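> This is the structure I have questions about; it appears just below.
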Amino acid sequence: MDLQEFVSETLLQIISGIKNAQDKTSTSGGSVNPRITGSSEYAAQHGFLRTAGGSPAQIVQFDVALTVTEGTGTKGGIGVFAGAINLGSSGQSTNENKSISRVKFAVPVSLPENQ
């Protein structure tokens with residue numbers, strides 16, 4: 502897998518995961534990646550951000566190790582290290598190359614308010 506394919510697939514998986522979480526939380530009163538107002542200075546001072554609607558939002562940070570495996574008899578793919586998610590790797594291989602890369606990203610999340 503070349504760098505372009507790795508970056509593209511990683512970003513597509515992140516976006517797909519965020520969209521999936523948005524769909525699943527749409528009726529719960531929470532929000533994944535809501536529109537944020539204010540600045541990082543506000544967040545540093547108060548410990549949270551504000552959404553455009555005024556609700557508090559937390560930043561959820563991810564630090565994910567991805568393993569990429571390619572080899573003869575194996576279909577290459579990306580998988581989250583430690584087996585939480587595995588994409589594409591199948592078959593047996595006698596000659597394989599593995600590389601592990603870390604991807605860090607953060608997503609703002611507005612938690613449901615107590616009614």
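Per our numbering, residue 502 is the first one in the sequence shown, and the count goes up by one each step.
We treat Cβ as the ideally placed atom computed from N, Cα and C, and that holds for glycine.
Only a predicted model underlies this, so the values are computations on that prediction, with no experimental measurement involved.
#1: With C-beta atoms as the reference, is Asn534 less than 8 Å away from Ile519?
#2: Can you look up Asp564 in the DSSP assignment and give me helix, strand or coil?
#3: What residue from Gln559, Phe549, Ser600 and Leu513 has the CA that sits closest to Thr570's CA?
#4: For Ala522 versus Ile537, is the C-beta distance shorter than 8 Å?
#5: Can you grab the Cα-Cα spacing for the pair Phe606 / Ser517, in whole Å?
#6: Could you tell me the distance, in whole angstroms, from the CA atom of Leu612 to the CA atom of Asp524?
#7: Mind checking whether Val565 and Val610 have CB atoms under 8 Å apart?
#8: Could you tell me the distance, in whole angstroms, from the CA atom of Thr511 to the CA atom of Gly539?
#9: Where does Leu550 land, buried or exposed, given buried means 16+ other C-beta within 10 angstroms?
#10: Would you say Thr447 and Ser527 are within 8 Å of each other, going by their C-beta atoms?
Walking through what the data contain:
#1: A Cβ-Cβ contact shorter than 8 Å links Asn534 with Ile519.
#2: When secondary structure is reduced to three states using DSSP, Asp564 falls in the strand class.
#3: Considering only alpha carbons, the answer is Ser600.
#4: No, the Cβ-Cβ distance between Ala522 and Ile537 is not below 8 Å.
#5: The straight-line gap from Cα to Cα measures roughly 14 Å.
#6: Taking C-alpha positions only, Leu612 is separated from Asp524 by approximately 15 Å.
#7: At least 8 Å separates the beta-carbon of Val565 from that of Val610.
#8: So the alpha carbons of these two residues sit roughly 29 Å apart.
#9: With 16 or more Cβ atoms within 10 Å of its Cβ, Leu550 is classed as buried.
#10: The chain is shown only over 502 to 616; residue 447 falls outside these bounds and no answer can be derived.
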